[in-house]
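Engineer: Mapping of the sequence shown onto UniProt numbering: residues 1 to 913, in sequence order. All residues carry an ideal CB built from backbone N, CA and C; glycine is no exception. Sharing a structure, written as structure tokens. Questions coming.
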Amino acid sequence: MAQATVESRYLSAGANRYTAATDWGDDGLVAFAADSNICIWNPAKSRGISHILSGHKAHVRAVKFLPKLPDDPSTSYLVSGGDDKALRLWALETAAPHGAASCLQTVEGHTAPINCIAALALGPDTGARPPRPIFVSGAADATIKVWTFGMDGLVLLQIIKTPKKYLPLALALSPLGDDGLGIVLAVAGTTNVVDIFTASKGETGDAAPQFTLQATLPGHENWVRSLDFVRESPEPGSDLLLASASQDKYIRLWRLHQGSALSALGAAGMAVSADALTPGNKIHKIAAGATKYCIMFEALLLGHEDWIYSAKWSRAPPAADDARGVGKLQLLSASADNSLSIWESDQDSGIWITGARLGEVSREKGATTATGSIGGFWTGLWSPSGTTVVTMGRTGSWRRWDYDAVEDMWKQNIAVSGHTRAVTGISWSRDGAYLLSTSSDQTTRVHAEWARPAATGSSLEKTWHEMSRPQIHGYDLNCIDSLGASSFVSGADEKLMRVFTEPKAVAVMLNRLTGAGTGDESQLAAFPNAANMPVLGLSNKAIDVVDDDDDDAALAQQQQHQLADDREAVDPANVVRKSALDIDHPPFEESLSRHTLWPEVEKLYGHGYEISCLATSHDGRLVASACKASSVNHAVIRLFETEHWTEIKPPLTAHSLTVTRLRFSPDDSHLLSVGRDRQWAIFARGPASTTEYKLLQANPKGHARMILDAAWAPPLPLPLPEAPQGEQQQEQQSLQLFATAGRDRQVITWVKWRPVAPGGGCKDEFVLAGLTLQGHAVTALDFFPTPSSADGSVLLAVGSEAGHLSLFSIAAEDGGGKVSLSRVASVAPELCLPKAVLQLAWRPPVGRHGGGEEGEASSETDGGSGGQQQQDNINHELAIAGADGSLRIYSVSLGRQMALPLRQASRDRESVE
């Protein structure tokens, strides 16, 4: 077996639902928190997430790009904080070919979770010393800490305790004047006021700033969620504007002016009279060093119908007929009412109005949470150019709009999505066309490659995207397996399994976007058109698509009439129209959650507790399942045949505690089970039946601790002795082998052996053939489906509880009773997971359409032993499900020969112990 090189092909993760957990840097990169990770995404590129930065020990709540250092313009710096109370400083080498990222420093900055971070742009270079960025962090310990950053790392400058000990949720920093010597800090949070602090760097700019409380701005009626400063115009001496967004559904604008109160009124365009000095227009006087400033209320923005989570300023590109070359000032607000609003000041009246409103339209507001109500937008971000906005919703998925100057409108574009909790199960379709994933976030998702002509050349550009969301459930999903190219079965924290089939609309879309869908027209004709979820149910129902020209009002009235008499009536907001999936790009978030459901065709009952694992036979005729158990009566394995969906009784009995994994052998002749009772069991299929299995062998001491995963290897070719000259070469024989892994940190291989039984004859049994000891509990295993054509070895992927990944080569030795294990790769730390690897799955090589990338050998085969004809230099693809909520697909390339022998074990278990 050759040495392996591992690279990421696809990274998917859902964003954490915190307003401060996202930021858009000047380099065009979006950073957002996902569980304990930080994901880096360039919206200008279709690849999606390019990096996942791991290091935090708990959920990340705040991320912020820092201004670039003058002596290091090619590096972007990012600071993050979260529930682990630590601040981490990251460096992103944007000039590097693949954008290398690393953690430079970790500071235990607070005594409670960090909620928000704000950074100050660099001031002018006074010549005394290069300017250094300043940022502040606010935490649930009711403190705000002021930091500076340079080549020597993070340095703490000041600790500020919030008045009345409220918890800061929003921070904003800005220079007060053009010289950058004065600084203003706005703080808000679990209170209905905004506190204003100021500091001065001294006359030379060398003094460390020390912030003092100057004013408290009243007006809001609930917690304040977002703050942001901007210059009213690029002209010198321009006023500052502060936007504060609150849970009271309003945005308040404040004007900060250098000078006296009377000059502030004049700058605001108000008459200098007694009427202007009413209590509602109270002017707050502040100072920074010897310079005087004043703050007054500017405007109240009304329009949202629910909490407002964020408000961000930007300046639009100047219009072609703008002689000044200054774009108009715009404010982007994101609200829990499922909308983004772009506010602008009317040129004639000066009144702030909504220039554009993005998000859900009114007819979709009735959508239920399960079938697509996005639960509001938690943050809104501007691109550095001001021509793109992105927002993140309840599902952790992103939405993106680009401004089309020609048509003067905002157009939606593809973004990224992912699971928001642990990915508990993954399964490739039998033809390898797409990947299924289930998660504790109660969704099942389909991921596939989008193939389209490349911008240059005649080759195809392929990028991975979420293409469908077949199941949106009310229980945490635990396991999944495919039943062919167009159906799957899943299990959740309920006592039954659900079987789904692909609807015609999704099949046609996948075929168009990937070239790997179902191409048989007669088979497509038998598919249901689409699916929908009843308002009061959990079962997706097959429905017909609706013509685009059908009247919305009449259709809604008809559906509401059915709803009064039928609890199975579908939600009128989720009707699927014919054009919904007639698209040339991956579906947007609203289509994923509403139009790509798969109809449920069957429920499989029988278990007494929550489903723990399931497996389907390779021929698609059987489903094996197990549930959580603490006794022999419940730790049974139930088999269901898929022709009539009936249980094959009696259930299979071997375990006394929860079965953690079930796997059918490649030829379906054996069923392997492993469990928390430390044993594995093999059930053999009867010679006269394709559905009857009986216990062949059980090993109650397979591991010293609970067994967490197991996998069958493809038939392993045995070494052939060289035939004497003139004699015919012996027929090639193969070895049947499987591997088990557990909390005892061991990966053990077992081979089928035929020792002489008492009284003569031979008895088939599996015996220990080899083992390797890992550094942590091993939680996931999977063999590549075909052996190497070069040396007959098989590739085994191993994942641990610590998130580490390793690749091993396994080959049979002479005699067939032992195997050799060689480590061919330990995945680089930056590609490892911060939490446990929950499942691994190699992409099947049989039946894949199109082959690999340019320069790779095609991975299509004719089936059977044809898989051995594959070239070893193609990129094998490994899917990885993580407890951190990430789903990853890594490309494994095999290069030069390498052999690192590991510990060998005798067939006798006693010698190992």
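(1) Under the DSSP definition of a beta bridge, which residues are partnered with Ile810?
(2) Could you check whether the region 877–895 touches the region 830–847, counting it as contact only if at least three pairs of C-beta atoms, one from each stretch, sit closer than 8 Å?
(3) On the three-state DSSP scale, how would you describe Val446?
(4) Is Glu589 helix, strand or coil by DSSP?
(5) Sorted by chain position, which residues of the same chain lie with C-beta nearer than 7 Å to Pro651's C-beta, five sequence neighbours on each side aside?
(6) By Cβ distance, which residues of its chain are closer than 8 Å to Ile529, with the 5 residues on each side in sequence left out?
(7) Between which residues of its own chain and Asp619 is the CB-CB distance below 7 Å, once the five residues before and five after are set aside?
(8) When you compare the region 49–69 with the region 429–439, are there three or more beta-carbon pairs, one atom per stretch, that lie closer than 8 Å?
(9) In the structure shown, what three-state DSSP assignment does Val489 receive?
(10) With respect to the alpha helix (DSSP H) encompassing Ala508, which residues constitute its N-terminal and C-terminal limits?
(11) Just the C-alpha distance for Ser12 and Trp753, rounded to the nearest angstrom, thanks.
(12) Closer than 8 Å is the cut-off here; do at least three beta carbon pairs connect the region 210–218 with the region 192–202?
(13) Decide if the region 45–57 is in contact with the region 459–468; the criterion is three or more beta carbon pairs, one per stretch, under 8 Å apart.
(14) Identify the residues that DSSP records as bridge partners of Val224: which are they?
(15) Nearest CA to the CA of Ile648: which residue from Arg663, Lys694 and Ser665?
(16) With burial defined as no fewer than 16 other Cβ atoms inside 10 Å of the residue's Cβ, what is the status of Pro384: buried or exposed?
(17) Taking the alpha-carbon of Asp404 as reference, which of Pro844, Trp398, Val389 and Glu643 has the nearest alpha-carbon?
(18) With distances taken between CB atoms, is the gap from Gly359 to Leu340 smaller than 8 Å?
(19) If you draw a straight line from the C-alpha of Ala654 to the C-alpha of Ile707, how long is it?
(20) Beta carbon of Leu657, beta carbon of Ala629: below 8 Å?
(21) Alpha carbon to alpha carbon, how far is Arg705 from Arg678?
(22) State the start and end residues of the unbroken beta strand (DSSP E) segment that holds Glu93.
(23) The beta strand (DSSP E) that contains His51, what's its start and end?
(24) Counting only runs of 3+ residues fully inside the region 641–717, write out the beta strand (DSSP E) ranges in chain order.
(25) With a cut-off of 8 Å, does the C-beta of Ala186 fall near any C-beta of chain B?
(26) Between which residues of its own chain and Ala711 is the CB-CB distance below 7 Å, once the five residues before and five after are set aside?
(27) Could you spell out the range, first to last residue, of the beta strand (DSSP E) harbouring Val187?
(28) Measuring alpha carbon to alpha carbon, tell me which of His670, Glu108, Thr690 and Arg252 ends up nearest Ala698.
(29) In the DSSP output, what is Arg315 paired with across the bridge?
(30) Go ahead and pull the three-state DSSP assignment for Lys462.
(31) Where do the ends of the beta strand (DSSP E) carrying Gln746 lie?
(32) Would you kindly work out how many angstroms separate the C-alpha atoms of Glu235 and His284, rounded to a whole number?
(33) Name the residue from Ala336, Thr354 and Lys282 whose alpha carbon lies nearest to the alpha carbon of Leu301.
(34) Use the C-beta contact count for Asp23: other C-beta atoms within 10 angstroms, 16 or more gives buried, fewer gives exposed.
(35) Do the CB positions of Glu298 and Leu331 come within less than 8 Å of each other?
(36) Is the region 465–477 touching the region 441–454 in the sense that three or more CB pairs, one from each, lie closer than 8 Å?
Structural biologist: In short:
(1) Position 810 of the sequence shown, counted from the start, is the residue given in the question as residue 810. Answer by DSSP bridge pairing, in chain order: Val794 and Leu821.
(2) yes
(3) As a working note, residue 446 is residue 446 in the sequence shown. DSSP places Val446 in strand when its eight states are reduced to three.
(4) Mapped onto the sequence shown, residue 589 falls at position 589. Of the three classes helix, strand and coil, the one that applies to Glu589 here is helix, per DSSP.
(5) Start at 1 with the first residue of the sequence shown, and residue 651 comes out as number 651. Contacts found: Val636, Ile637 and Arg638.
(6) Residue 529 sits at position 529 when you count from the first residue of the sequence shown. Per the sequence shown, the amino acid found at residue 529 is Asn instead of Ile. Within the same chain, Asn529 has close Cβ partners Pro503, Lys504, Ala505, Ala542, Ile543, Asp544, Val545 and Val576.
(7) Against the sequence shown, residue 619 aligns to sequence position 619. Here the set comprises Asp668.
(8) no
(9) Along the sequence shown, one-based indexing puts residue 489 at 489. Three-state result, Val489: strand.
(10) Position 508 of the sequence shown holds residue 508. According to the sequence provided, residue 508 is Val. The question's Ala does not apply to it. Val508 -> alpha helix (DSSP H) spans Lys504 to Thr514.
(11) By 1-based counting over the sequence shown, the position of residue 12 is 12. By 1-based counting over the sequence shown, the position of residue 753 is 753. Approximately 43 Å between the Cα atoms of the pair.
(12) yes
(13) yes
(14) Here residue 224 is taken as the residue at index 224 of the sequence shown, counted from 1. Note: Val224 sits in a beta bridge opposite Ser246.
(15) Taking the first residue of the sequence shown as position 1, residue 648 is located at position 648. Per the Cα distances, Lys694.
(16) Locating residue 384 in the sequence shown gives position 384, counting from the first residue. That one is exposed.
(17) What you label residue 404 is simply residue 404 of the sequence shown in a count that begins at 1. Closest by alpha carbon: Val389.
(18) The residue you call residue 359 lines up with position 359 of the sequence shown. The residue you call residue 340 lines up with position 340 of the sequence shown. Taking 8 Å as the Cβ cut-off, Gly359 and Leu340 qualify as a contacting pair.
(19) To locate residue 654, count along the sequence shown from 1; it is residue 654. To locate residue 707, count along the sequence shown from 1; it is residue 707. Ala654 and Ile707: Cα-Cα distance of roughly 14 Å.
(20) As a first step, residue 657 must be located in the sequence shown, where it is residue number 657. As a first step, residue 629 must be located in the sequence shown, where it is residue number 629. Contact: yes.
(21) Residue mapping note: residue 705 aligns to position 705 of the sequence shown, counting from 1. Residue mapping note: residue 678 aligns to position 678 of the sequence shown, counting from 1. Rounded to whole angstroms, Arg705 to Arg678 spans 5 Å at the Cα level.
(22) Taking the first residue of the sequence shown as position 1, residue 93 is located at position 93. Note, Glu93: beta strand (DSSP E), Leu87 to Glu93.
(23) Here residue 51 corresponds to residue number 51 of the sequence shown, with the count starting at 1. Here the beta strand (DSSP E) through His51 covers Ile49 to Ser54.
(24) 646–653, 659–664, 670–675, 680–685, 693–699 and 707–712
(25) The chain labelled as chain B is not found in the depicted structure, where only one protein chain is given.
(26) As a working mapping, residue 711 is identified with position 711 in the sequence shown. Hits under 7 Å: Arg663, Phe738, Ala739, Leu781, Asp782 and Phe783.
(27) Against the sequence shown, residue 187 aligns to sequence position 187. Gly182 to Gly189 is the extent of the beta strand (DSSP E) around Val187.
(28) Along the sequence shown, one-based indexing puts residue 698 at 698. Nearest of His670, Glu108, Thr690 and Arg252 to Ala698, Cα basis: His670.
(29) Counting from one through the sequence shown, the residue named residue 315 turns up at place 315. Leu329, per the DSSP bridge assignment.
(30) For this step, residue 462 is matched to residue 462 along the sequence shown. Correct three-state label for Lys462: strand.
(31) To locate residue 746, count along the sequence shown from 1; it is residue 746. Note, Gln746: beta strand (DSSP E), Gln746 to Trp753.
(32) Your numbering for residue 235 matches position 235 in the sequence shown. Your numbering for residue 284 matches position 284 in the sequence shown. Taking the straight line joining both Cα atoms gives about 24 Å.
(33) Here residue 301 refers to the residue found at position 301 of the sequence shown. Looking at the Cα atoms, Thr354 is the closest of the given residues.
(34) If you number the sequence shown from 1, residue 23 lands on position 23. Asp23 comes out buried.
(35) Working through the sequence shown from its first residue, we reach residue 298 at position 298. Working through the sequence shown from its first residue, we reach residue 331 at position 331. Not in contact: Glu298 and Leu331 (Cβ atoms no closer than 8 Å).
(36) yes
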